[in-house]
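Colleague: For what it's worth, my numbering labels the leading residue of the sequence shown as 21, then goes sequentially.
Glycine included, each C-beta is placed from N, C-alpha and C at the ideal position.
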Amino acid sequence: MTPPLIRIHKKPRFGFPWLALLLGIGTVFFTVQGYQAITATPTAQLEIVVEGQHGLNISQASVNAVVGEGIKTWQPMRILVTPRILSHDEKKGRQDLGADVILSTIIDDDPTTSINNRRFAGVGIYPASGDNGKDLHNTLEIRNAFMDNVGLGHGPKAVAAAAQRAAEVLDKGPLQSPLFWLMGVVIGFGLTIIALAFSLSRRQRRELIFRRLTKAQRKLAKVVLELEALEVSYLATPMEQRTAGFTSSWRVVRDASLQLARTENAVIDAVYSAKSALQPATASLVASFEAEAARLVVQANALMSAGAVLGTLSGRQRVLDRLAAPMIFATRELLARLSTRSPGAVAEKRVRRLNDALESLLRILTNDHGNPETIQAWRSAENELEKSALAVDRSLRRHRTARVWMPEPDKKIDEYSALRSGLGLSPTGSKRTLTALRDANAAAHALCGPLPGTTELPVPAPREFSWLMLVPKPSTLLWAARSTPWLFRGVGIVLVAVIASAVVVGNLPSRNSNELNGKLPLHSLVFDGETTGLDEAQIRRHFDDKFTQQVDITVAVRSATDYLGIQQEILAGDSAFVQNQDPQVLVDALWRVKAEFPQLLEQSTAELGENHVIIPVWKLGEDHFSIPTPITGAVAEGEFNSLGNKTWDHGSYYFSGIGDITVARTIENLALGIQDNGYLQPAVNAFWLFVLLALTIALGSVTLIMAISYGGVMSTKLGRFGRNSATLRHVRTQLNELALGLDDSRLNAVAMLGSGSAATSAESDQRIFEGALAMAWRMADDLAARSLSQRLGEEYVADVKKLELLVKMLSIRDTDVNRRTRALLDATLGRNPTK
21 MTPPLIRIHK
31 KPRFGFPWLA
41 LLLGIGTVFF
51 TVQGYQAITA
61 TPTAQLEIVV
71 EGQHGLNISQ
81 ASVNAVVGEG
91 IKTWQPMRIL
101 VTPRILSHDE
111 KKGRQDLGAD
121 VILSTIIDDD
131 PTTSINNRRF
141 AGVGIYPASG
151 DNGKDLHNTL
161 EIRNAFMDNV
171 GLGHGPKAVA
181 AAAQRAAEVL
191 DKGPLQSPLF
201 WLMGVVIGFG
211 LTIIALAFSL
221 SRRQRRELIF
231 RRLTKAQRKL
241 AKVVLELEAL
251 EVSYLATPME
261 QRTAGFTSSW
271 RVVRDASLQL
281 ARTENAVIDA
291 VYSAKSALQP
301 ATASLVASFE
311 AEAARLVVQA
321 NALMSAGAVL
331 GTLSGRQRVL
341 DRLAAPMIFA
351 TRELLARLST
361 RSPGAVAEKR
371 VRRLNDALES
381 LLRILTNDHG
391 NPETIQAWRS
401 AENELEKSAL
411 AVDRSLRRHR
421 TARVWMPEPD
431 KKIDEYSALR
441 SGLGLSPTGS
451 KRTLTALRDA
461 NAAAHALCGP
471 LPGTTELPVP
481 APREFSWLML
491 VPKPSTLLWA
501 ARSTPWLFRG
511 VGIVLVAVIA
521 SAVVVGNLPS
531 RNSNELNGKL
541 PLHSLVFDGE
551 TTGLDEAQIR
561 RHFDDKFTQQ
571 VDITVAVRSA
581 TDYLGIQQEI
591 LAGDSAFVQN
601 QDPQVLVDAL
611 WRVKAEFPQL
621 LEQSTAELGE
631 NHVIIPVWKL
641 GEDHFSIPTP
651 ITGAVAEGEF
661 NSLGNKTWDH
671 GSYYFSGIGD
681 ITVARTIENL
691 ALGIQDNGYL
701 QPAVNAFWLF
711 VLLALTIALG
721 SVTLIMAISY
731 GGVMSTKLGR
741 FGRNSATLRH
751 VRTQLNELAL
761 GLDDSRLNAV
771 AMLGSGSAAT
781 SAESDQRIFE
791 GALAMAWRMA
801 DDLAARSLSQ
811 RLGEEYVADV
821 KKLELLVKML
831 SIRDTDVNRR
841 TRALLDATLG
851 RNPTK
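What follows is the structure, encoded as C-alpha cells:
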C-alpha cells in the first residue's frame with residue numbers, strides 16, 4: 021500500500037520559556053524581599069535605666085513619661101544614665117556595666133583628677149568595636165544629642181534624645197539600602213528580558229514559518245483533492261472548445277500538484293524539527309513550497325472556472341460574474357461621480373458611451389457562456405469599456421484640477437490572468453481596463469469632489485510652500501509610530517520611567533539650607549520683664565515671619581548680673597565679649613527662668629510645652645543684651661539640627677547694644693532650626709537612586725510588555741482586541757446597513773428593470789452586488805475570528821483595508837442605484853427632482 025500524499029500532523033511543540041520564567045519568578049521574589057526589607061520597622065525596645073539622683077528633673081519616672089511607648093530598635097538595647105563621671109575604661113568601652121551605652125549627665129570633665137586616674141563626662145559604648153575613629157564618632161553623636169538639648173533647657177527630653185541618637189548610630193538591622201535591592205532587581209529584569217526576548221523571537225519565527233507551511237499545505241490539499249473534479253471538468257469540455265491555455269493549465273496542475281505532494285514530507289520534517297526549523301535552508305524550502313502551492317491554486321481555480329465556461333457546466337455564470345465584478349463596480353463608481361460633474365466637464369456622448377459599454381458587458385453575462393461567439397462578444401465589450409474609460413479620463417484631465425497623482429494599483433488586478441488565458445482572452449485585458457477606470461475615477465474625484473451620501477473627503481488642493489510645512493504633523497508622527505512602533509514604545513517607556521523616578525527622588529526629605537519655606541506666621545509674641553531698650557515693632561520688622569508649625573514665643577528679659585553673675589564693669593563701648601564662664605551657671609539660669617512660667621510647663625516632666633519657646637534675654641546695664649540659647653519645647657533631633665547654640669557650654673557670651681536686632685535674629689534662627697529639625701542624611705546617593713529606580717521601572721515595563729506579547733502569541737481568544745479593531749467594527753456596521761437595505765436594493769433594481777435587454781443587465785448587476793456582499797460578510801467574519809497575535813501582523817491590516825475598499829464600492833453602488841431609482845420615479849410622476 022502506498023502512503024497517502026497528505027498526512028495529518030499535530031502542531032509542533034514550540035517550547036516554553038522555562039529559563040525566562042524562572043528568572044522572572046526569582047526577580048519578583050527578590051523584589052518582594054527587598055520591599056519588605058526597606059519598609060520593615062523595628063520591633064525590639066531600647067531600655068533606659070536611670071540610676072542615682074540627677075538634676076534637671078531627670079528621673080526614671082520623668083524619662084519614662086517623655087519616652088512614652090518607647091524607642092524601637094532592631095535588637096534589644098540598654099542605656100544606663102548615671103549622675104557620676106566616667107572612668108577611662110568605661111568611656112573606652114572596656115568595662116561591662118550591663119548596658120550597651122552609659123551616659124553621664126555631668127556637663128564637664130572633672131579637672132581635679134590626675135592624669136593616671138582621670139574622670140570624664142560624656143558617653144561610653146560597650147563593647148568597643150575596635151575602630152577607635154568610629155567609636156569616637158558614635159560617642160560624640162550621643163553626647164552632642166544630650167548636650168544640645170540640655171542647652172535648650174531640657175532634662176528628661178535630653179536623655180530621650182541621647183537614647184534616640186544611640187539607637188540610630190548603634191542599632192544594626194536588615195540591609196535597607198534601596199541601592200542594593202534595586203541593583204538586584206535591575207540585574208534580574210535584564211536577564212529575564214534577554215531570556216524572554218530569545219524565547220519570544222524564536223517562537224514567533226517558528227510559528228510564522230509553521231503558519232506559512234500549514235497555509236501552503238491547505239492550498240495543496242485543496243488542489244490534490246480536486247484533481248479528480250478538475251479532470252472531469254477538463255474531459256467534459258469538448259475538444260473544439262479547449263483553448264491552448266486551458267490544456268496547458270490542466271497539464272501543469274496535474275503534474276506539478278502530484279510532484280509537490282511527494283516533496284511535502286521533507287518540508288514538514290524540516291519545519292517540525294527544532295534544530296532545523298530556523299535554518300536558512302528550511303526558509304528556502306518553505307518559500308519554494310509556498311510559492312508553488314499558491315501558483316497551483318491559481319491554476320486550479322482558473323482551470324475549474326474555464327472548464328465551467330467552455331464546457332457549459334453548472335456555475336459558469338458565476339465565473340464571468342466574478343471576472344466582471346471589479347470592472348462593473350469601478351464603472352458604476354465612475355458613472356456616479358460623473359453624474360455630479362459640472363456642465364461641459366465631460367461630453368454627454370462619452371458618458372453615454374461608457375454607460376452603453378457597461379450595459380453591453382452586463383448583457384453578455386445573461387447569455388449562454390459556452391460558445392465562442394460569447395467569448396468574442398466579451399472581448400469586444402471589454403475593449404469598448406476600456407476605450408470609453410480612457411476617453412472619459414482624457415476629457416477629465418483637460419482640467420488642471422483633475423491632474424492628480426494616480427492611486428496605487430490594486431495587487432488583485434493580476435489574479436484573473438490565468439482564468440483569462442484559459443478562456444482564450446488576453447491575460448492583461450482586465451488589468452488594462454481596471455487601470456483606465458482607476459485613473460478616471462481619481463480624476464473625477466479631484467474634479468467633482470466627494471460623492472454625496474458617502475464619507476469621502478475632497479482631494480486636498482496644493483499649497484504654497486511655507487516653513488510650517490516642515491513641522492511634523494500629528495498624522496506624520498502617527499505614521500512613524502506605526503512604522504517603527506518599537507522606537508516610540510521605547511521612548512515612551514523611558515519618559516515614564518524617568519518622570520516616575522524623578523518624582524520619587526524629589527519627594528525624599530532634604531535639607532532646606534538657610535531659606536525659610538514655612539507658611540505659618542508667628543502665633544504669639546509676649547514680652548516679660550524689664551523691656552527697656554526693646555521695641556516689638558522693630559523686632560517684628562527685622563525677622564522673616566515664616567514658621568512650619570504653630571509657635572508661641574515668650575521673650576523673658578532678665579538681669580545677667582542676677583542670673584549669670586556677670587558684672588556690669590566688663591562693658592567697654594557698644595559691645596562686650598565675656599568668656600570662661602561656668603556652663604552649669606547658664607543651665608541653672610535656664611531652669612530658673614522656666615520655673616517662672618509654670619503655666620507653660622508639663623507637670624510630670626517639668627518640660628516646656630511642644631509649641632512654646634522662651635527666649636531668655638540677658639540684660640547687662642541699660643541697653644546691652646545677650647541671647648546665648650533659647651528654651652524650647654521641641655527636642656533637637658537629627659544630624660544637622662540648628663535648634664539653639666551648639667557652643668553654649670563654652671561659657672562665652674556676646675553682649676550687643678542693638679537688642680531689637682539680636683532678638684529678631686534669634687527668632688529667625690529659631691524658625692530655621694524648627695524647619696530643619698529631625699533631618700537625617702539619606703543613606704543612599706540620590707543620583708544613583710534615580711538611575712537605578714528609572715532602570716527598574718523601564719526594565720519592569722519592558723518585561724511586562726514582553727510577557728503580554730508572549731501570551732498574545734499563545735492566545736487564540738483575544739481577537740476582539742488588536743490593531744484596526746475600530747475600523748473592522750465600522751465596516752461591519754456598514755455591512756449591517758447594506759444587509760438591512762438589501763430588500764430595498766432589490767426593489768430599486770426591479771424599478772430599473774423595465775423589459776428587454778435592460779432587464780437582463782439590471783438582474784446581472786444585482787446578482788453581482790449580492791454575491792460581493794456575501795463575500796464581504798465572509799471576509800468580515802474571518803477577520804473578526806482572528807486571534808490577538810494574528811492581528812499584530814501586517815497581513816491582518818492589509819486584509820482589513822481590502823475589506824474596507826470592497827464595502828466602500830458596495831456602498832457607492834447602492835447609493836447610485838438609489839439615486840437613479842429616485843430620478844426614474846421623479847420623471848415618471850412628473851416631479852421636480854430639485855424639490
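With DSSP as the reference, identify every bridge partner of E67, one or two as the case may be.
Modeller: Against the sequence shown, residue 67 aligns to sequence position 47. R98, per the DSSP bridge assignment.
Colleague: Under DSSP, the alpha helix (DSSP H) around T51 begins and ends at which residues?
Modeller: To locate residue 51, count along the sequence shown from 1; it is residue 31. T51 -> alpha helix (DSSP H) spans W38 to T59.
Colleague: Which residues in the same chain have their Cβ closer than 8 Å to the Cβ of L220, if we skip the five residues on either side of it in sequence?
Modeller: Working through the sequence shown from its first residue, we reach residue 220 at position 200. These residues qualify, in order along the chain: P37, M726, S729, Y730 and V733.
Colleague: Are T723 and G44 touching if we call contact CB-CB under 9 Å?
Modeller: As a working note, residue 723 is residue 703 in the sequence shown. As a working note, residue 44 is residue 24 in the sequence shown. Contact flag set, yes.
Colleague: Taking the alpha helix (DSSP H) that Q112 falls in, what are its first and last residues?
Modeller: Counting from one through the sequence shown, the residue named residue 112 turns up at place 92. The residue asked about is misnamed: residue 112 is Lys in this sequence, not Gln. Where K112 is concerned, the enclosing alpha helix (DSSP H) stretches over H108 to K112.
Colleague: Which whole-angstrom value is the C-beta distance of V424 and A462, which I expect to be below 8 Å?
Modeller: Locating residue 424 in the sequence shown gives position 404, where the first residue counts as 1. Locating residue 462 in the sequence shown gives position 442, where the first residue counts as 1. Indeed, because the Cβ distance is near 6 Å, the residues count as touching under 8 Å.
Colleague: Measure the C-alpha to C-alpha separation of G720 and L825 and round it to an integer number of angstroms.
Modeller: Position 700 of the sequence shown holds residue 720. Position 805 of the sequence shown holds residue 825. Whole-angstrom Cα-Cα distance: 41 Å.
Colleague: For E368, which of R274, L355 and E379 has the nearest alpha-carbon?
Modeller: The count along the sequence shown starts at 1 and reaches residue 368 at position 348. From the listed residues R274, L355 and E379, the smallest Cα separation to E368 is found for L355.
Colleague: Look up D608 in the DSSP assignment and say whether it is helix, strand or coil.
Modeller: What you label residue 608 is simply residue 588 of the sequence shown in a count that begins at 1. D608: helix per DSSP, three-state reduction.
Colleague: With a cut-off of 8 Å on the beta carbons, I'd call W94 and D191 a contact; round off their distance for me.
Modeller: Residue 94 sits at position 74 when you count from the first residue of the sequence shown. Residue 191 sits at position 171 when you count from the first residue of the sequence shown. That belief holds up - the Cβ atoms of W94 and D191 are roughly 5 Å apart, short of 8 Å.
Colleague: I'd like to confirm the pairing. Which residues does DSSP put opposite P541 in its beta bridges?
Modeller: On the sequence shown, position 521 is the one that residue 541 refers to. DSSP, once it has assigned bridges, lists no residue as partnering P541.
Colleague: Buried or exposed: which applies to P618, given that a residue is buried once 16 or more other Cβ atoms fall within 10 Å of its Cβ?
Modeller: In the sequence shown, residue 618 corresponds to position 598, counting from 1. Result: exposed.
Colleague: What residue range does the alpha helix (DSSP H) around D376 cover?
Modeller: Within the sequence shown, numbered from 1, the residue matching residue 376 stands at position 356. Residues E368 to I384.
Colleague: What does DSSP give as the partner residues of A576 in its beta bridges?
Modeller: In the sequence shown, counting from the first residue as 1, residue 576 sits at position 556. Partner(s): D548 and P636.
Colleague: What first and last residue would you give for the alpha helix (DSSP H) that runs through I91?
Modeller: The residue given as residue 91 occupies position 71 in the sequence shown. Counting along the chain, I91 falls outside any alpha helix (DSSP H), though it belongs to the beta strand (DSSP E) covering I91 to T93.
Colleague: Grab me the residues of E310's own chain with a C-beta within less than 6 Å of its C-beta, minus the 5 sequence neighbours each way, in chain order.
Modeller: Taking the sequence shown and counting its residues from 1, one reaches residue 310 at position 290. If we look at E310 and ignore the five residues flanking it on each side, its Cβ neighbours are R232 and A236.
Colleague: Return the bridge partner residues of L123 from the DSSP annotation.
Modeller: Here residue 123 corresponds to residue number 103 of the sequence shown, with the count starting at 1. BP columns for L123 point to V101 and V143.
Colleague: To the nearest angstrom, how far is the alpha carbon of H157 from that of G193?
Modeller: Your numbering for residue 157 matches position 137 in the sequence shown. Your numbering for residue 193 matches position 173 in the sequence shown. Roughly 20 Å separates the two Cα atoms.
Colleague: To test your reading of the DSSP string, which unbroken alpha helix (DSSP H) runs of 4 or more residues are found completely within the region 274-333?
Modeller: 284-292 and 300-330
Colleague: What does a CB cutoff of less than 6 Å around E353 pick up in its chain, not counting 5 residues either side in sequence?
Modeller: Start at 1 with the first residue of the sequence shown, and residue 353 comes out as number 333. Contacts found: N461 and I832.
Colleague: Under 8 Å by Cβ, that's how I've got I78 and V101 pegged, so tell me the actual separation to the nearest angstrom.
Modeller: By 1-based counting over the sequence shown, the position of residue 78 is 58. By 1-based counting over the sequence shown, the position of residue 101 is 81. About 7 Å separates the CB atoms of I78 and V101; that is less than 8 Å, so the two are in contact.
Colleague: Decide if the region 577-584 is in contact with the region 534-552; the criterion is three or more beta carbon pairs, one per stretch, under 8 Å apart.
Modeller: yes
Colleague: Exposed or buried, which one is D120 when buried takes at least 16 other CB atoms within 10 Å?
Modeller: Taking the sequence shown and counting its residues from 1, one reaches residue 120 at position 100. Buried, since its Cβ has 16 or more Cβ neighbours within 10 Å.
Colleague: G142 and T649 - do their beta-carbons sit closer together than 9 Å?
Modeller: Looking up residue 649 in the sequence shown gives position 629. Looking up residue 142 in the sequence shown gives position 122. Not in contact: T649 and G142 (Cβ atoms no closer than 9 Å).
Colleague: Rounded to whole angstroms, what is the Cα-Cα separation between D696 and H632?
Modeller: For the purposes of this step, residue 696 is taken as residue 676 along the sequence shown, with counting starting at 1. For the purposes of this step, residue 632 is taken as residue 612 along the sequence shown, with counting starting at 1. Using only the alpha carbons, I get a separation of about 17 Å.
Colleague: Closest by CA to S296, which one among V366, R222 and V318?
Modeller: Position 276 of the sequence shown, counting from 1, holds the residue named residue 296. Looking at the Cα atoms, R222 is the closest of the given residues.
Colleague: Helix, strand or coil for V598, going by three-state DSSP, please let me know.
Modeller: Taking the first residue of the sequence shown as 1, we reach residue 598 at position 578. In the structure shown, V598 sits in a strand (DSSP, three-state: E or B).
Colleague: Of the choices S521, Q115 and A180, whose alpha-carbon is the least far from that of Q80?
Modeller: Against the sequence shown, residue 80 aligns to sequence position 60. Looking at the Cα atoms, A180 is the closest of the given residues.
Colleague: If you compare alpha carbons, which of V87, Q196 and G46 is closest to A60?
Modeller: Indexing the sequence shown from 1 puts residue 60 at position 40. Checked all of V87, Q196 and G46; the closest Cα to A60 is Q196.
Colleague: What does the alpha-carbon distance come out to for the pair I122 and G144?
Modeller: Numbered from its first residue, the sequence shown carries residue 122 at position 102. Numbered from its first residue, the sequence shown carries residue 144 at position 124. Whole-angstrom Cα-Cα distance: 5 Å.
Colleague: Are S359 and D836 close, meaning C-beta to C-beta below 9 Å?
Modeller: In the sequence shown, residue 359 corresponds to position 339, counting from 1. In the sequence shown, residue 836 corresponds to position 816, counting from 1. Yes.
Colleague: Just mark I559 as buried or exposed, buried being the case when its beta carbon has 16 or more other beta carbons within 10 Å.
Modeller: Residue 559 sits at position 539 when you count from the first residue of the sequence shown. Its Cβ being crowded by 16 or more others within 10 Å, I559 is buried.
Colleague: Using the C-alpha atoms, what's the distance from A609 back to F597?
Modeller: Numbered from 1 along the sequence shown, position 577 holds the residue referred to as residue 597. Numbered from 1 along the sequence shown, position 589 holds the residue referred to as residue 609. Cα to Cα, the separation comes out at about 19 Å.
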